[in-house]
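Okay, structure first, notes after.
Chains as they are written, first to last, in the UniProt record's numbering: chain A, 1 to 641; chain B, 1 to 641.
Encoded structure:
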C-alpha cells in the first residue's frame, strides 16, 4: 500500500510539473496576444509582438528563478536503491567520494550527466533543442516557403542567392576572424585557457550567428506596404541564409583536421565544403520530393471531397519532409523550406478551395504560435538556463563582429550586383538591409543545440544577448529608419478601391502579354517546369501528350488529367487562366475577412505599376500559389501587426 | 577536438532518434488517412479509421520490435565517468555487484529506475503519459464539449447523468468484484502471490476500464444519421463517464485505509467519496471559469478585427483550463469538457464569423489528429511496451467483467429511467447502448499512466487487449447491429433538399413558440442563465438594466453592451433571432463545403419531426452554438467517415 501511496504522490508531482511548464507558456502567449491587440489598437509600432513576447519571457524567467521553491533535488534526499519501489523523476549520482550535496552537482556539471541542475521547475523550463528543431521551427520555415512572394522572388533570384550564399559565407568568416582575435585577447587577459577555444569554434559561432531573422522588420514592412523589391530582397535573403547558416554550422562542426585543430588542413576543409554542398543539395531534393508526392497524391486521389483529410495529408507530408531530412542527418530546415515552395507552386493548385483556406490558416496559426513560443522561451532562457557564461570581452567582440560582418556582406555584394542589375539596388535599400540584420530563432536554436563545453555556453549566452539587442533596438527602430532613409511606403487605399475591379481586365492584359513574351533567359528557364512538371503534378498546364516525345505516349496519357486536354492550343495562357481563378478566390475571401482588404489592395497597387512582361510569366508559372498566398499572408500579417 | 567529434556524433544520434520517432507516427497517420479515403470511396464501414490506425500501429510495432538494431545500451558499452565528456542519452546503473550486463537490466527492472529497457528506439516509441494527458487528450475532449448537441443533450440530461454517474459507479464496483474473484483464483492457481493484488487494485481497474469511448460507433451514427436521441444518450454518456471514470480512478488510488488494505475502512471510503465530489465540482468550476474569462475578453476587447489573435486566445485559454486543473491536482478532462460546453454556449457568440470557422476547423483537425495518434500508439504499444504481463485468467476475467458490468449498468438504469421518462427508452436502444460499450483512449491513458507495479502492468496489458477487441469487433459490428435491431437510420436526402428552404420559416415558428412556451421545470431552469449570464457574457440577451435590481445599476450599465439595449422588449426572442443568424451562417458555409449538405439536411430532417415546444427554448438558449456546431461537426465527421 505504501508503494501505491508513494507512486501516487510521485505521479501527482510529475504531472503537476508537466502541466505547470505548459501553463507558463500559455499564460505568456495569452499576455502577448493581448499586448499585440493593444498595440494594434494604438497603432504602436516600436515594440513588435516578438519583442513583447521576449519581455514577458524575461519577467516570467525572473519570477521562476527567484520565486520558486527548491525541490527535493536540491534538498538532496537520499533513497536507498533497495527500498526504492517507485521510479524517481531525477537521479543524482555520486561518482566521487565527496559527500557534500553541493559537490555532487559540481561533479555532475563537470561530467555533464545532466545539463541543468538545481530547481526542478527551472530544469523543466529549459526544454531540449529536440523540441525546437522537430516541432517549433518547421512550421515557421514552412510558412515562409509556402507564402513566398514568388513573382518578385524569382525576379530577384540572382541577388537573393548571392546575398544568401556568398553573403553568409563572408559574414561567417569575418565574424570568425574577429572573434578569434578577441579570443586571443581573452587568453592574453587570462580569462580563458589557451587551446580551450579553437579557431573552428570561432567559425562555428560565426556561422550560427550569421543566420538573420528580420521577422520584426518584415512584419512592419507588411503593415506599411514597403517597396516590394526591398521586401523580397530581405525576405529571400533571410529565409535562404537561415538554411545556409544551418548547413554551414553542421559542416564546420564536422570539420576535423587530423592533427592539431589550429592548423589549416586543406583536405578537411574541402571535405567540409563537400559536406556543405552535399547536405544542401540532398536536403533540397528531399524537400521537393515530398512536395511532388503530395502533389501527385492530391492530384490522383479525389481527396477534395474530404477537405480535412486533404489538409491532414498536406500537413503530415510536409512535416515528414522535415523529419526524414533530419533522420537522414540532412537539414530539415532546408528540406521543409523548399517543400513549402513546391507545395505552394504545385500541390496548392490541386487542393479544394476549402483545403486551400484551411492549409493557409493552419500554417499561419502554427507559425504565429511557434514564433511567439520561441521568443517567449528566449526571454525565459536568460534566467532559467543555468550554465550561462557572461564574458564582457567576448560579448563586445560579438557585437562588433556582427556589424562589421553585415557591412562586409551587404555593401560589397550590392556593388557587385549593381554592375549586373538593370534595376539597381539604391543606397537607401542597402542601408536598410544593413540595418535589418536582426538575429532570432535560428541563431538561438543553433546555439542552444550544443551547450556542453564552456565555449559553447559562452556562445549561447552571447547569442541570447545579441538577439535581445537586435530585436528590441533594430526592430523598434525600423519605422523611424524607413522615414529617415525615405523609402517608399504604402499607398492610399481609397484610390485602390476604385481601381480594384479593373484588375481582372488587367489580367486579360497579362494574358495577351503572356502570348507576346516568349524569349529571355528567365523564360526558357521557366518553360521546362511549365511544360513537363506542371501537367504531371497538377490538372493544368499543356497535356503531356503534346509536350513529351511520341515514344512515351502511354505514360503521358496516364499522367495527363482530362482537364488538361482542353488547353491543347493555348499552352502559354494556362497561367493567366488559373491566375484569374486565383483572383476570383481573393474576391470571395475579401467577403469573409474585411480586415484583409487594405493589405491586399495595397499590394495590388504596388504590384501593378511594376509588372514588366517577364513577371507575368512567373506570375503564371511560379507565382500562382505564391501570389494568392502572399495576399493571404499579408492579410494574416496585417491582422497580426 | 575529440570532445566536439564525440558530442557531434552523439548529437546526430539523438536528433536522429527524435526525428525518427515522430516520422514513424507521421507515416502511420498518412497511411491511416489514405485508408480512410479508400474506405470512404468504397462505402466500407466494417473497419473504422481508428481501427485502421490500430492495425497500422500493430504492424509498425512488429517491425520496430524485430527489425531495429539494438543500440549500445544493449551492447552495454561502459564509459568511465572521468572520461565522459558528453552527456549520454541513457544511463545504466549497476547498483548490485553482479557484472552481467543482462543482470544490470533485471536489477534495474526490479528497482524500477527506468520503466523500459533495451532497444533505444522502442524506448523512445513508448512516450510518457504526460504527453497523452497534457497534449493529446485535451483537444479530443474539448472538441466533444465544443460540438455537444445541446438541444437533445439537455432534453435527455437526467438520463445521461444517471448513466454517467450511477452507471459508472455500478460498472466500477461490478468489475472490481468480478476481477477480485479471478484474482483470488489466480492466487489459488499460484499465478500470483497473495497480498500482491489488493481489492483496491481491483476497484482501480474497475474504474479505469469503465471509461467507455464509442468513437467508432458515434462516427457511424453520424454517417447513417441514426435517431438523434439514441445518439445523444450514447454521446452524453460516454463523454461524461470518461470524466467520472477519471475522477473515480484518482479517488480510488487515493483511498488509503489505515491498517491492512483488504479491510473496509469507512473513514477512508467516505474520504474517497469526498475526494470524488470535491475534485469533480472544482474541476467543473475551473473549466467554466476559464470559458467565462474568454467570453468576457472576446466581448470587451474588439478582437474580431484580428481573427487569428481571437482564435489564438480562444485556443490558449481553453488549453489553460485543462492545464491549470491538472496543475491544481484536479482533473483537466472534466475542466476542459465543461470549458468546451461553455465556450460553445457563450464565447462562440462573441467571435467574428471568421474566427467561428477557424476555431471549429482547428479543433476538428486537432481532434482528428490526436485521436488517430492515440489509436496508432495503442497499436504500437502492444509490441513496443516492454513490460507486458499476459495472464490468461486475468484477461478472461476482465472480458467477462466488462460485459456483465455493462449489462448491470444499462438495463436496470434504463428500467428505472423509463419509469420517469415520458418518452421511453425502447429495448432496441438499450441493446444498442449495451453493444456500444467500447473502450478506447481514456481507459488506455489511465492504464498507461501507472505501470510501475506488476498488477498495474497486468492491467495495462489487459486494457490494451480489451480496446483492440471492442474497437474491432463491436466497432465493426455496429452497422449490422443497427439493421438487426431495426433502429431508425437516416432519411432520404433528396426530399430534404426540397424542404430545406422552409427551415427559416420553421424558425419564425420557433420564434412564436418561444413566446408561447414559458412554463415547465426546464424553462425556469433555463431562464436564469438567459436573464443574467447571457447579457453579461455576450452581446445578446436582455440588457441587465432590466433584469438586475435597481441598486446595481452602474454595474449592469457597465456590463451590458449597447447592442443589447435594442432587445429591451423582446427578451425571450433573442435566441430565435440569433438562431436565424446561425442558420444564415450555415447556408453560407454550405456554399463553401458541398460535402456538408447531406449530413446537415439529414439532421434538419430528423430534428424537425421531434421538436416539441420545450426544445426550442434550449435551441434558443442552450442549443445555439451547439446547433450550429453540431452541423459543422456532422459535416466534419461526414467528411471523415
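We put the CB at the ideal spot given by N, CA and C, even for glycine.
- At a cut-off of 9 Å between beta carbons, residue 383 of chain B makes no contact with chain A.
- Put simply, the backbone Cα of residue 375 of chain B is about 11 Å away from that of residue 368 of chain B.
- In this structure residue 333 of chain B does not touch residue 131 of chain B by the C-beta definition: roughly 15 Å separates them, more than the 8 Å allowed.
- Three or more beta-carbon pairs separated by less than 8 Å are not found between the stretch 231–238 of chain B and the stretch 310–320 of chain B, which leaves the two stretches without contact.
- Residue 319 of chain B sits buried, since 16 or more C-beta atoms from the chains shown fall within 10 Å of its C-beta.
- The closest CA to that of residue 190 of chain B, considering only B/240, B/394, B/340 and B/163, is found on B/394.
- Burial of residue 144 of chain B is indicated by the presence of at least 16 other C-beta atoms within 10 angstroms of its C-beta.
- Scanning A/185, A/19, A/25 and A/421 for the CA closest to the CA of residue 370 of chain A turns up A/25.
- Contact annotation, residue 363 of chain B with residue 535 of chain B: C-beta distance approximately 27 Å; criterion of less than 8 Å not satisfied.
- In this chain, residue 255 of chain A is not harboured by any alpha helix (DSSP H), its DSSP state being neither H nor E.
- Assigned with DSSP and collapsed to three states, residue 451 of chain A falls in coil, not helix or strand.
- Segment contact: the stretch 426–435 of chain B against the stretch 195–202 of chain B, fewer than three CB-CB distances shorter than 8 Å; contact not assigned.
- Contact with chain B is found for residue 36 of chain A, since one of that chain's Cβ atoms lies less than 9 Å from the residue's Cβ.
- Within chain A, no residue has its beta carbon less than 9 Å from that of residue 269 of chain B; the closest one is some 15 Å off.
- Closest in alpha carbon position to residue 135 of chain A, among B/485, B/18 and B/458, is B/18.
- In terms of CA proximity to residue 539 of chain A, A/346 leads the group A/447, A/456, A/360 and A/346.
- Ranking B/404, B/440, B/466 and B/162 by CA distance to the CA of residue 421 of chain B puts B/162 first.
- Between residue 462 of chain A and residue 392 of chain A, the beta carbon gap of about 10 Å keeps them out of contact (Cβ cut-off 8 Å).
- Between the alpha carbons of residue 155 of chain A and residue 195 of chain A lies a distance of about 47 Å.
- Using a Cβ-Cβ cut-off of 9 Å, residue 60 of chain A is close to nothing in chain B; its nearest Cβ partner there is about 14 Å away.
- The three-state secondary structure of residue 301 of chain A, taken from DSSP, is coil.
- With contact defined as three or more Cβ pairs closer than 8 Å, the stretch 430–438 of chain B and the stretch 200–219 of chain B are in contact.
- Secondary structure of residue 65 of chain A (DSSP, three-state): helix.
- Cβ-Cβ separation between residue 168 of chain A and residue 245 of chain A: approximately 6 Å, consistent with a contact (criterion under 8 Å).
- With at least 16 other beta carbons inside 10 angstroms of its own, residue 55 of chain A counts as buried.
- With respect to chain B, the C-beta atom of residue 309 of chain A has a partner C-beta closer than 9 Å.
- Under the DSSP definition of a beta bridge, residue 439 of chain B partners with B/212.
- The alpha carbon of residue 307 of chain A has as its nearest neighbour, out of B/290, B/344 and B/361, the alpha carbon of B/361.
- Taken through DSSP and simplified to helix, strand or coil, residue 48 of chain B comes out as coil.
- When the Cα atoms are used, residue 372 of chain B and residue 57 of chain B turn out to be separated by approximately 10 Å.
- At a beta-carbon threshold of 7 Å, the residues of chain A lying near residue 324 of chain B are 23, ordered along the chain.
- The beta carbon of residue 238 of chain B is closer than 7 Å to those of 212, 213 and 214 in its chain, skipping five residues each way along the sequence.
- In this model, residue 298 of chain B and residue 243 of chain B are separated by some 28 Å (Cα to Cα).
- A straight line joining the alpha-carbon of residue 326 of chain B with that of residue 448 of chain B spans about 17 Å.
- Linking residue 206 of chain A to residue 331 of chain A through their CA atoms gives a straight-line distance of about 18 Å.
- Closest in C-alpha terms to residue 489 of chain B, from the list B/43, B/227 and B/209, comes B/227.
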